[in-house]
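Numbering (numbering that gives the first Met the number 0), first residue to last: 0 to 428.
Glycine included, each C-beta is placed from N, C-alpha and C at the ideal position.
See structure below.
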Amino acid sequence: MRLVRRLLTNHPLVNILFGVVLVMGFLAYQSMPREQDPEINFNWVNITTVLAGASAADVEELVTSPLEDAIRNVQDIKFVSSNTREGVSNILVRFREISPRIFDKRINDLRRELQTKANDELPDEAEEPVIVEFTTSNGFPTALVVVAGQADDEKLREEARLVKEDLERISGVDRVQSFGLHDPELHVSFDPAALAARGLTALDVADSLGRAFKDTFAGKADVADEEWLIRVEGTTADPEELAAFQLAPGLDRKRRIALDSVATVQRAREEPAQLVSFNGRPAVSLSVTKIGYTNTLDLVDRLNAYIVERNETLAGSGIDLFLADDQTVQTREAISIMQRNAMLGLFLVLCVCWLFLGWRIATMVTLGIAFSIAGTLWVLSVTGNTLNVSVLLGIVIVLGMLVDDAVVVVEAVYYRMQRGAAGLEAAID
Numbered sequence: 000m001r002l003v004r005r006l007l008t009n010h011p012l013v014n015i016l017f018g019v020v021l022v023m024g025f026l027a028y029q030s031m032p033r034e035q036d037p038e039i040n041f042n043w044v045n046i047t048t049v050l051a052g053a054s055a056a057d058v059e060e061l062v063t064s065p066l067e068d069a070i071r072n073v074q075d076i077k078f079v080s081s082n083t084r085e086g087v088s089n090i091l092v093r094f095r096e097i098s099p100r101i102f103d104k105r106i107n108d109l110r111r112e113l114q115t116k117a118n119d120e121l122p123d124e125a126e127e128p129v130i131v132e133f134t135t136s137n138g139f140p141t142a143l144v145v146v147a148g149q150a151d152d153e154k155l156r157e158e159a160r161l162v163k164e165d166l167e168r169i170s171g172v173d174r175v176q177s178f179g180l181h182d183p184e185l186h187v188s189f190d191p192a193a194l195a196a197r198g199l200t201a202l203d204v205a206d207s208l209g210r211a212f213k214d215t216f217a218g219k220a221d222v223a224d225e226e227w228l229i230r231v232e233g234t235t236a237d238p239e240e241l242a243a244f245q246l247a248p249g250l251d252r253k254r255r256i257a258l259d260s261v262a263t264v265q266r267a268r269e270e271p272a273q274l275v276s277f278n279g280r281p282a283v284s285l286s287v288t289k290i291g292y293t294n295t296l297d298l299v300d301r302l303n304a305y306i307v308e309r310n311e312t313l314a315g316s317g318i319d320l321f322l323a324d325d326q327t328v329q330t331r332e333a334i335s336i337m338q339r340n341a342m343l344g345l346f347l348v349l350c351v352c353w354l355f356l357g358w359r360i361a362t363m364v365t366l367g368i369a370f371s372i373a374g375t376l377w378v379l380s381v382t383g384n385t386l387n388v389s390v391l392l393g394i395v396i397v398l399g400m401l402v403d404d405a406v407v408v409v410e411a412v413y414y415r416m417q418r419g420a421a422g423l424e425a426a427i428d
């Protein structure tokens, strides 16, 4: 009671506090990231590992099983589900309902165990496991950017790769997943008759190329006070260089046969797993997901600005960029509806209170509601929340509770004042 009396009698402190809360609430409202749904971590993790060219049984034995053994060493896992197909291993890990801090620790433990297992047991041809956490931010794409061209050629794919790299550098973008962007390859088509005439088999050609064209660890080198790892790159993008490769048939290491004498080397693309078209034109689609707690509306504005700028650069080339799927349309509409409802509700409260209780009570009630909402927005901003549909819906619903409390308290003060009590005593009572 003494604290309440001191607050009510210290007018400068109360006025300053009231003004600070209103200003900070307004600034928080302007700066809070906008998105449709609140940031939620589902405690799901997907692990994808690629072993190109391997059968489903080989992927299961060489990749999936060792990784599942590594996952067993991580605590707080509810269950593990794996899906293996030709060339790809997918493992879905579901953690228990744990706090965000502990979940981050478990994710670090998972990464460490998988990295150790990948270095020790996975085949050299297997790619590094890709670990993706499922949240409301990265579980669903924020936007879909389409690169459409006149023909399904390498020019379209080269431009799509450049666009993908540019999008990944935009602030707020977590990752960009491509569809229809088939990687370039060098295809070796051998002649069976030419191989047989030289005493070679298709397996000899494959083994020779596999041994020669691969990245190799070549030791370490001490440079000044630093230790450098030496790695020899064994890949090439030049078909002529590959065609000049010398095969060594059987055990005869002195006998050399040029690859182009038994096979044809040409540029090609990997076999497409999916095809993309846009308005009847060949295309590559780029699915963009955002980093958590990023302002979705600002991110899409940056994407639109990039698309406009890039289209100006590509004018006349036959390649165009489109924002095909903008998930912020629903977000903008939902937030706009909630904002209008909140303002309309506050206005109606003021009108009804003024009509039945007088303008003084109406003013006090309105100030109390504004103070409560401003304080709420300030606290939400400080605690790292976003301005989403759930937050605005809560504010709209709670307006009725705030009105009830404010009207009851103010009316009780006036009731006591009308019966002779002093203003301070009536307020404290």
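By the beta-carbon neighbour count (other beta carbons within 10 angstroms, threshold 16), V19 is exposed. Separation of S81 and S286 (C-alpha to C-alpha, rounded to the nearest whole angstrom) is 24 Å. By the neighbour-count criterion, in which 16 or more other beta carbons inside 10 Å mark a residue as buried, C352 falls on the buried side. Take V348, set aside five residues on each side of it, and the residues of its chain with a beta-carbon closer than 6 Å to its own are V402, in chain order.
Listed in chain order, the alpha helix (DSSP H) runs fully inside the stretch 211-245 are 238-242, counting runs of at least 4 residues. Among the bridge pairs identified by DSSP, D319 is matched with A147. C-alpha of V231 to C-alpha of L185: approximately 20 Å in a straight line. A69 and K116 have their C-alpha atoms some 6 Å from each other. Distance from the Cα of F189 is smallest, within the candidate group T385, V261, R309, for V261.
The Cβ atoms of F139 and S284 do not sit closer than 9 Å to each other. Selection D57, V378, I97, T8 evaluated against G24 yields V378 as nearest (Cα-Cα). The Cβ-Cβ distance between E158 and L274 does not fall below 9 Å. Within the stretch 299-344, the beta strand (DSSP E) runs of at least 3 residues that lie entirely inside it are, in chain order, 319-325. Look at I46 here: in three-state DSSP terms it is strand. By the Cβ-count criterion, K289 is buried, with 16 or more other Cβ atoms from all chains shown falling within 10 Å of its own Cβ. The way I'd put it, the stretch 81-91 does touch the stretch 57-72; three or more beta-carbon pairs between them come closer than 8 Å. Going by beta carbons, N384 and P37 fall inside the 9 Å limit.
Counting along the chain, the unbroken beta strand (DSSP E) around N89 starts and ends at 87-94. The continuous stretches of beta strand (DSSP E) do not include Q273, and DSSP gives it neither H nor E. Straight-line spacing of the CA atoms in G357 and G367 works out to 16 Å. A Cβ-Cβ distance of about 19 Å is found for the pair L113 and I97, leaving them out of contact under the 8 Å criterion. With distances taken between CA atoms, K163 lies nearest to V146 out of G291, D152, R1, V146. Its chain contains I427 as the residues whose beta carbon lies nearer than 7 Å to that of R4, once the 5 sequence neighbours on both sides are disregarded; these appear in chain order. Contact annotation, V144 with L298: C-beta distance approximately 12 Å; criterion of less than 8 Å not satisfied. In this structure, F41 is the residue among D119, R156, E124, F41 with its C-alpha nearest to the C-alpha of F102. I97 sits in coil when the DSSP states are folded into three classes, being neither helix nor strand. Taking a contact as a CB-CB distance under 8 Å, the pair Q29 and T330 does not count as one, their CB atoms being some 17 Å apart. Note that the C-beta distance between V92 and V44 is below 9 Å. Residue burial annotation: P191 is exposed, with fewer than 16 other C-beta atoms found within 10 angstroms of its C-beta.
With fewer than 16 other beta carbons inside 10 angstroms of its own, N118 counts as exposed.
A check of alpha carbon separations from F133 across R174, Q149, D108, A150 identifies R174 as the nearest. Around the beta carbon of L320, 16 or more other beta carbons sit within 10 angstroms, so the residue counts as buried.
According to DSSP, residue pairing for F102 in a beta bridge does not occur.
Taking the Cα of N278 as reference, the smallest distance to any Cα among A220, Q149, R160 is reached at Q149. With fewer than 16 other CB atoms across the displayed protein chains lying within 10 angstroms of its CB, G209 is exposed.
The three-state reading of DSSP puts V261 in coil, since its state is none of H, G, I, E or B.
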